[in-house]
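Chains as they are written, first to last, in the working numbering: chain A, 39 to 331; chain B, 695 to 1068; chain C, 132 to 366. Each residue gets a CB set at the ideal place from its N, CA and C atoms; glycine is no exception.
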Amino acid sequence: MEMELVLLTQQIMNGLVNGMTYVLIATGLTLVFGVLHIINFAHGEFYMLGAFFTFFAAKLLGLDYISAGIVATLGVAVLGILANRFFFWPLRKEHEFTVLLSSLGLALLLTNGGELIFGADPKYVASPFADGIVPLGPVIVTQQRMLIFAVGALVLVLLYLFIQKTRMGKMMRATAQNPEGAALTGVDIRRVYTVTFMVACGLAALAGALVGPTAMIFPTVGTWAVLKGFIVVVLGGLGSIPGALIGGLILGVVEALAGGYISMGFAQAIGFSIIIVVLLWRPNGLFGAARRA
Amino acid sequence: MRLQSILAATTAAFIAAGTMAVQAQEEPVRIAAIAPLSGPGAFDGQLAVEGMEAMVAIVNENGGVLDGRMLELVTYDDKGSPEEGVSAAKRAIEQDDVDVIVGGWFSSVALTMKEVTRDRILTIMTTSQHPDTTREGHDWLFRLNATSTMMSGAYSQFICDRMDLESIAFITINDDYGRLEVENYEKLLSECGIEVLGNEYYNKDDADFTTALTKLRAANPDAIYVSAINTAQGATIYRQIRQVGYRGTTIASAGNMNPKLVELSGPALEGVYSVSLFAPDSQDPELLAWVAKYEEMFDNEPSFIGSIGAQSIEVLAEAIDAAGTVRDYGELAETIRGNEWDTLLGNVTFDDIGQAEQNIYLIQIQDGKIASVN
Amino acid sequence: MLELRDINVSYGRRAVIHDLSITVPDGKVVTLVGSNGAGKTTVLKTISGLVRPTSGTIMFDGKPIERMEPHDIISTGVVQIPEGRLLFKDMSVAEHIELGGIRAHSGGRTEAERLAWVYELFPILRERREQKAGTLSGGQQQMLAIARGIMANPRCLMLDEPSLGLAPIMVDQLADAIRALNENGITILLVEQRVDLALRLADRGYVLETGRIVIEDAADSLLENPRVKEAYLGA
Ligand SMILES: Nc1ncnc2c1ncn2[C@@H]1O[C@H](COP(=O)(O)OP(=O)(O)O)[C@@H](O)[C@H]1O
Ligand SMILES: [Mg+2]
Chain A
39 MEMELVLLTQ
49 QIMNGLVNGM
59 TYVLIATGLT
69 LVFGVLHIIN
79 FAHGEFYMLG
89 AFFTFFAAKL
99 LGLDYISAGI
109 VATLGVAVLG
119 ILANRFFFWP
129 LRKEHEFTVL
139 LSSLGLALLL
149 TNGGELIFGA
159 DPKYVASPFA
169 DGIVPLGPVI
179 VTQQRMLIFA
189 VGALVLVLLY
199 LFIQKTRMGK
209 MMRATAQNPE
219 GAALTGVDIR
229 RVYTVTFMVA
239 CGLAALAGAL
249 VGPTAMIFPT
259 VGTWAVLKGF
269 IVVVLGGLGS
279 IPGALIGGLI
289 LGVVEALAGG
299 YISMGFAQAI
309 GFSIIIVVLL
319 WRPNGLFGAA
329 RRA
Chain B
695 MRLQSILAAT
705 TAAFIAAGTM
715 AVQAQEEPVR
725 IAAIAPLSGP
735 GAFDGQLAVE
745 GMEAMVAIVN
755 ENGGVLDGRM
765 LELVTYDDKG
775 SPEEGVSAAK
785 RAIEQDDVDV
795 IVGGWFSSVA
805 LTMKEVTRDR
815 ILTIMTTSQH
825 PDTTREGHDW
835 LFRLNATSTM
845 MSGAYSQFIC
855 DRMDLESIAF
865 ITINDDYGRL
875 EVENYEKLLS
885 ECGIEVLGNE
895 YYNKDDADFT
905 TALTKLRAAN
915 PDAIYVSAIN
925 TAQGATIYRQ
935 IRQVGYRGTT
945 IASAGNMNPK
955 LVELSGPALE
965 GVYSVSLFAP
975 DSQDPELLAW
985 VAKYEEMFDN
995 EPSFIGSIGA
1005 QSIEVLAEAI
1015 DAAGTVRDYG
1025 ELAETIRGNE
1035 WDTLLGNVTF
1045 DDIGQAEQNI
1055 YLIQIQDGKI
1065 ASVN
Chain C
132 MLELRDINVS
142 YGRRAVIHDL
152 SITVPDGKVV
162 TLVGSNGAGK
172 TTVLKTISGL
182 VRPTSGTIMF
192 DGKPIERMEP
202 HDIISTGVVQ
212 IPEGRLLFKD
222 MSVAEHIELG
232 GIRAHSGGRT
242 EAERLAWVYE
252 LFPILRERRE
262 QKAGTLSGGQ
272 QQMLAIARGI
282 MANPRCLMLD
292 EPSLGLAPIM
302 VDQLADAIRA
312 LNENGITILL
322 VEQRVDLALR
332 LADRGYVLET
342 GRIVIEDAAD
352 SLLENPRVKE
362 AYLGA
């Protein structure tokens, strides 16, 4: 292949993988918004916890990377259940804005708690796939990044099937579209809350476990995650899972091309610019329906 | 020199021992330690304060200063932000009435904080590398680290003379410090015939550098120079350099090597060069004593940033004794400027604007350890 | 079988229902009529558990239900077809019918029997099984809302203004459907602003004004009641 084309392909690959991490983060965020109409600023902290739990599961329990990642995902999913039980469920009748501010408080609590318990020093989640390279012709991708993409794609398919085909998935969609109608149909709204937070926090943790080995982790890393998540969610449309998928991949690829052909210093600004352009063109995001009155 | 310092220490200990019984109840000398203790720089701030604590313990075990006054650290969190640095310094001066201030680990904080301390309190700036910290400093302000200009002078000499490179590319943090770095090295390295093939800036909260590194790899330079002041980003960059398939030489920016970075970067940092004021295998007895004390008190490995913290305490303690005063800042500053100080990092002198002159060592990661290169 | 006694309801500090008592006897059709804002919907929401009464009791089959969760109330056989249908606009007809059965009261018709019955009552829904609720006509949406309710196997079915927004021909069909449900043993509590229609379907009626029951009588007597005639029958 010609040099320029190789470089372009490489950058698009880089972007797709980064985009998939954004998708995993944004999916939980958009799920919680879509089903429960909650904007959860603490979502990034569950990503952070996923990465740290993976680190400690490997270190303290002696687990291999994959088992540690699974344990972390399940552990944080349980924390999601607790966060709902003691935090979001009791607040459900409050104004949306109150809930949003409270979630900001929860984020601070988890970050500071993280600094206290995990220490401020950065940590590295070791993975046997981190440095192994999968050569796809002249294009280079590490095994870890292939894993991120493959697991991300698989999880999205499973999530799609869960939401479309299972009884619980249907109850979640019903709650999303008409909470009162759902309650009068017999949907146990509290269980829907529980399952939604469990799935969303589990997804965030899975993203943390997968992305952990590609960078360093520290207790404030959740701020980065939630920022990326929100860009994607706004881009794709609040509450839309296909929107999170397309939005995440677009953001990843655009950042990679901007970084690769202009400058990484601009990549972030370009992320924000595409949001503005998309919102001017489609105020509810690429896949967003107008919000119900 | 060594003999002299041992002599000095012994004498000091003697005097101290003689007077301690009488003077033990005196007011401590209170030193404000303003450092990033939360947020992304929290780990670096922790290492810095630990380094100071260890040296304070040594000084106090030897009888403190001014005939038996103990040193006491009062810590403040600047969160790595200029605004927080300013408010911490104000609190230290106005509310807590501390005797001296040690701070300025990041240049952005040092540059704003110096305006609060100007003509009010004696201030030691530490790892900040921006030339303006001292160039636009004040009569009672000193800075220990070499400026980025001094560093780049020494480092580019090493690079040109020893590394046999024909081309180089940079990946640099996008701030005042980073831009100055690139400007300096592009000029200095071009002068000795190394071709500069590119520079990529990144932001201080980026976590993925593969796009920039892919681009640099495509330019195929003999070496990539990594300017990273924060340990987490640094380690990520060193790992990702290998992960994008680059196999050339990696050069780490001056003054940012620490054991944690080595641990986090794994094999990616093996053989990588940097320069430091801290010669890791130095046998200086003061350094050894500090390392021993540090390891006794803390879990982290002693680091360069910690040794700069320790040096600030050492210079202050010796100068306060020599001047016979803490609060007469004019006298104390005159004393600091007018003498050579024997510290754990070797001998230090200060010029008219308070800038330290000290040794700069070339170091390399060998078998997962920071080692000096001679 | 369904009995509300001395119910009071407030939204925040504002009391909207005052000492309300209603009895819906087994197998009968009872209607609750009143003008807009009288509090009819609030009464049904309170029975369904969406709103908690500040005082009073609601007994179904002799058991108190006023502290139960909405889905548990449905399991006892008390089912509501809400005002405005409250359908899930992006979900298919089949999915609505499936969800309708998730908390079905056990006993009586099996799920398969109910499904067959629903499609017999509303054959159009069978044709439109895969269509999204949001794309149905107003009449079809009301049919779907009733079908969803029937799937819950109600013993007592509450309908909140089912005629709202329907064309006259659809209103007749609706009346037939309500009659058919009642003939099949389902007790009905019908809330309507169309007082004439409601009283013609009902055995008994209650008139609600600003949160208080002001008149209570047999439906045919109410049709003749001068105060009802003047206020609600436009005579
Ligand atoms: N969620 C609510 N919050 C506050 N007030 C309400 C709410 N819902 C209804 N109301 C008020 O309660 C009263 C009764 O309303 P409603 O039960 O809907 O009456 P109806 O169904 O007879 O038209 C009205 O004055 C209405 O404004
Ligand atoms: Mg109503």
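- With distances taken between CA atoms, Leu328(C) lies nearest to Ala350(C) out of Thr318(C), Gly342(C), Ala350(C), Asn313(C).
- Here Gln977(B) is exposed: its Cβ has fewer than 16 other Cβ atoms, across all protein chains shown, within 10 Å.
- By DSSP's assignment, Asp771(B) forms a beta bridge with Ala729(B).
- Each residue's CA atom was taken as its position, placing Pro254(C) and Arg240(C) some 19 Å apart.
- A direct Cα-Cα distance of roughly 38 Å separates Ala726(B) from Ile853(B).
- Taking a C-beta cut-off of 9 Å against chain A, none of the residues of the region 836-862 of chain B qualify.
- Here Arg144(C) carries a coil assignment [DSSP, helix/strand/coil].
- For Phe992(B), there is no enclosing beta strand (DSSP E), as DSSP marks it with neither H nor E.
- Neighbours of Asp221(C) across chain A, judged by C-beta separation under 7 Å: Gln215.
- Any heavy atom of ligand 1 within less than 6 Å of a residue's beta carbon puts that residue on the list, which reads Tyr142(C), Val147(C), Gly165(C), Asn167(C), Gly168(C), Ala169(C), Gly170(C), Lys171(C), Thr172(C), Thr173(C).
- Our two residues, Met819(B) and His832(B), have alpha carbons roughly 12 Å apart in a direct line.
- When Cβ-Cβ separations below 8 Å define contact, Ala283(C) makes contact with chain A.
- Taken from the Cβ of Glu214(C), at least one heavy atom of ligand 2 lies inside 7 Å.
- Under the Cβ distance rule, Ala727(B) does not count among the residues neighbouring chain A, no pair being separated by less than 8 Å.
- At a threshold of 7 Å, Glu292(C) counts as near ligand 2, since its beta carbon sits closer than that to one of the ligand's heavy atoms.
- When secondary structure is reduced to three states using DSSP, Trp262(A) falls in the helix class.
- Counting along the chain, the unbroken alpha helix (DSSP H) around Phe235(A) starts and ends at 227-249.
- Identification of residues in the region 130-163 of chain A having a C-beta nearer than 7 Å to some C-beta of chain B yields Glu153, Ala158, Asp159, Pro160, Tyr162, given in sequence order.
- Within its own chain, the residues whose Cβ lies closer than 7 Å to the Cβ of Ala922(B), once the five positions on either side in sequence are excluded, are Ile867, Gly928, Ile931, Ser947, Asn950, listed in chain order.
- Boundaries of the alpha helix (DSSP H) around Asp327(C): 326-332.
- Under the three-state reduction of DSSP, Tyr299(A) is assigned to helix.
- A Cβ-Cβ contact shorter than 8 Å links Gly187(C) with Ile138(C).
- Within the region 731-742 of chain B, Ser732, Gly733, Pro734, Ala736, Phe737, Gln740 place their CB atoms closer than 7 Å to a CB of chain A, listed in sequence order.
- By the Cβ-count criterion, Asp1015(B) is buried, with 16 or more other Cβ atoms from all chains shown falling within 10 Å of its own Cβ.
- Here DSSP, grouped into helix, strand and coil, assigns Asn1068(B) to coil.
- Those residues of the region 223-237 of chain C placed with their C-beta closer than 9 Å to a C-beta in chain A are Glu226, His227, Glu229, Leu230, Gly231, Gly232, Ile233, Arg234, Ala235, ordered along the chain.
- Using beta-carbon distances, Arg873(B) does not count as an interface residue toward chain A, since no partner is under 8 Å.
- Here Ala221(A) is near Leu181(C), since their CB atoms are less than 8 Å apart.
- Three or more pairs of CB atoms, one per stretch, sit closer than 8 Å, so the region 855-864 of chain B contacts the region 887-900 of chain B.
- As the crow flies, the alpha-carbon of Ile935(B) is around 11 Å from that of Pro961(B).
- Interface annotation, Gln211(C): in contact with chain A, CB-CB separation under 8 Å.
- Within the region 955-988 of chain B, Leu958 place their CB atoms closer than 7 Å to a CB of chain A, listed in sequence order.
- Under the criterion of beta carbons closer than 8 Å, Val803(B) and Gly774(B) qualify as touching, at roughly 7 Å.
- Think of a sphere of 9 Å around the beta carbon of Glu894(B): the chain A residues whose beta carbon falls inside it are Gly297, Ser301, Met302, Gly303, in chain order.
- For Pro293(C), the closest Cβ of chain A is not nearer than 8 Å.
- DSSP places Pro953(B) within a helical segment (H, G or I) once states are collapsed to three.
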